[in-house]
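A short write-up of the structure that comes next.
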Amino acid sequence: MKQRISLLWRGAACLCGVLLLLAGCSPAEAPSQPVGETNSSTTESSQSVQSSQAPQSASKPEIQSFEDWDGTPFLTLDNYPKMDGSTANLPLMAQVLHKAAGVSMEDAEILTSCSTTPLAWEALARGDVDILLVYEAAESTKSAIDMDRLEITPVGRDALVFINNEGNPVDGLTGQQIVDIYSGKITNWKELGGSDQEIVAYQRDETSGSQSLFAKLVMKDTPLAEAPTELKPAGMGMLIDGLASYRNEGNALGYSVFYYASYMYSQPGLRLMSVDGVFPSDQTIADGSYPYLNDFFVVIRADEPEGSPARLLRDWILSPSGKQTIIDAGYIPV
């Protein structure tokens, strides 16, 4: 399952990056189309999916509990809530649409999109979308929206991971070494037992989900050294591509979330690094031994009416069937 996800979403991420470059815009400027919205390019596909796969009635079902859900779709494409979220949650968003609305997995993948972590939080707060599957917001995003108006529930666990080139003899770092690199105290791989080469340390934009985790889990109160613009790519895929371009020299270092780097956008010539002697894996994330762990969430607005499609979908995601769906999509449930 995870191998299939890697091939599918790596292709999607590549296409997204190409389109952004051709359009000359950043992800923040690129239009998004969460599930529940249609445009001229997807209307025909949506109608085809609805007529052949999903139930026709848009009325809300009388569901009291999902504890013993029998697999019958309880939403349609007509009443499916507008969903948004983080790039790393795209496969899970598609799996949820597949099960909750009864569309084929292939169609669910086609119909699923997201606007990235910061834009998704802002869209929900504005009322532009109804439900999120999303990573933690940056502090700047939290301060800009009323978080008290949102119901935020952890549903899965991921990890912040560090990535370098396979040709680099340094395959692991301590937490303190990472802080020293990104604060500017350590600047050469020879200080870490590697070759006499400058460390090319990539960062992300301040509002990105992975940058938020990096600041919270790693740097904490230690200020970051300023990075040149070319070492602060807008997207996670762009960061990984940048790391891969240094594979001959082997002096680059970067970070991402485990699921995205391992299963959605892995690149030849790159590897994950151990931290404090623990290698990031499904097992070390699940058992808590890897040091940089953080949850991702399902989020709706607190004033979402009882029995609305968004609240129904949230309740299903929190049910045993929803937890199994998280596992089926290759994630680690909380």
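Residues -5 to 328 in our numbering are what the sequence shown spells out, letter by letter. Glycine residues also receive a C-beta, built at the ideal position from the N, C-alpha and C atoms.
Quick one: using the 10 Å Cβ neighbour count with 16 as the cut-off for buried, is R120 buried or exposed?
Classification for R120: exposed.
So, at 7 angstroms on beta carbons, what are the nonlocal neighbours of A304 in its own chain, with the 5 sequence-adjacent residues on each side left out?
The residues are P75, D124, I125, I294, E298.
From this set, G263, I234, G244, which residue's C-alpha is nearest F252's C-alpha?
Answer by Cα proximity: I234.
Of all the options R198, Q170, Y249, L237, which has the alpha carbon lying nearest to the alpha carbon of T216?
Of the listed residues, the one whose Cα sits closest to T216 is Q170.
Cβ atoms of T147 and L312: under 8 angstroms apart, would you say?
Yes, Cβ-Cβ distance for L312 and T147 is below 8 angstroms.
Beta-carbon within less than 7 angstroms of A255's beta-carbon, same chain only, minus the 5 sequence neighbours each way: which residues are those?
Cβ within range, chain order: V155, I157, I234, L266.
With C-beta atoms as the reference, is G187 less than 8 angstroms away from P163?
Taking 8 angstroms as the Cβ cut-off, G187 and P163 qualify as a contacting pair.
Near I321, what residues of its chain come up, given a Cβ to Cβ distance below 8 angstroms and the 5 sequence neighbours on each side ignored?
P327.
Would you report the Cα separation of L211 and L287, rounded to the nearest angstrom?
For L211 and L287, the distance between alpha carbons rounds to 8 angstroms.
Roughly how many whole angstroms lie between the Cα atoms of D309 and F68?
Looking at the two C-alpha atoms, the distance is approximately 12 angstroms.
At which residues does the beta strand (DSSP E) containing R295 begin and terminate?
First-last of the beta strand (DSSP E) with R295: 287 to 295.
With a floor of 4 residues, list each alpha helix (DSSP H) that falls wholly inside the stretch 159 to 232, ordered by position along the chain.
Entirely contained in the stretch 159 to 232, the alpha helix (DSSP H) runs reaching 4 residues are, in chain order, 169 to 176, 203 to 207.
Spell out a yes or no on whether the stretch 269 to 281 and the stretch 102 to 118 are touching, meaning 3 or more CB-CB pairs, one atom from each, closer than 8 angstroms.
No: the two stretches stay apart, fewer than three of their Cβ pairs being nearer than 8 angstroms.
Roughly how many angstroms separate the alpha carbons of T181 and P285, rounded to a whole number?
C-alpha separation (whole angstroms): 23 angstroms.
Keeping to the same chain, check which residues put their C-beta closer than 7 angstroms to that of S315; ignore five residues upstream and five downstream.
The answer, listed in chain order, is F60, W63.
So L113 and M77 are in contact, right, with Cβ under 8 angstroms, and what is the actual spacing, rounded?
Not quite, the Cβ-Cβ distance comes to about 13 angstroms (not below 8 angstroms), so this is no contact.
For E130, count neighbouring Cβ atoms within 10 angstroms of its own Cβ and tell me buried if that reaches 16, exposed if not.
Buried is the call here.
Does the Cβ-Cβ distance between E192 and N245 come in under 8 angstroms?
Yes. Within cutoff.
Relative to the alpha-carbon of P85, which residue among G236, E133, A138, E100 has its alpha-carbon at the smallest distance?
The candidate whose alpha carbon is nearest that of P85 is E100.
Mind checking which residues open and close the beta strand (DSSP E) that includes G79?
Unbroken beta strand (DSSP E) run through G79: 77 to 79.
Alpha carbon to alpha carbon, how far is S134 from V269? Give it in angstroms, no decimals.
Each residue's Cα considered, the two are about 28 angstroms apart.
Taking its Cβ as the centre, do 16 or more other Cβ atoms sit within 10 Å of G96, making it buried, or is it exposed?
Under this definition G96 is a buried residue.
Straight-line CA distance for A88 to S189?
Cα to Cα, the separation comes out at about 44 angstroms.
Could you compute how far the alpha carbon of M141 sits from the alpha carbon of Q318?
Spanning the two alpha carbons is a distance of roughly 28 angstroms.
Determine the extent of the alpha helix (DSSP H) in which A132 is found, giving its start and end residues.
Here A132 belongs to no alpha helix (DSSP H), and DSSP marks it neither H nor E.
Kindly identify the DSSP beta-bridge partner or partners of E145.
Partner(s): I294.
From V90 to Q197, what does the alpha carbon distance come to, in whole angstroms?
When rounded, the distance between both Cα atoms is 31 angstroms.
Do you know whose CA, among A296, Y249, D281, lies nearest I175's CA?
Considering only alpha carbons, the answer is Y249.
If you draw a straight line from the alpha carbon of G231 to that of A102, how long is it in whole angstroms?
Approximately 22 angstroms, taken between the alpha carbons.
Would you kindly work out how many angstroms separate the C-alpha atoms of L307 and G282, rounded to a whole number?
Each residue's Cα considered, the two are about 28 angstroms apart.
Can you grab the Cα-Cα spacing for the pair I279 / D165, in whole Å?
The straight-line gap from Cα to Cα measures roughly 19 angstroms.
Can you tell me which of Y259, N83, L118, S98 puts its alpha carbon nearest to the alpha carbon of R151?
The shortest Cα separation from R151 among Y259, N83, L118, S98 belongs to N83.
Tell me which residues share the same chain as L225 and place their Cβ nearer than 8 angstroms to its Cβ, disregarding the 5 neighbours each side in the sequence.
Taken in chain order, the residues that qualify are V194, A195, Y196, Q197, G236.
Do S80 and G203 have their C-beta atoms closer together than 8 angstroms?
Yes, Cβ-Cβ distance for S80 and G203 is below 8 angstroms.
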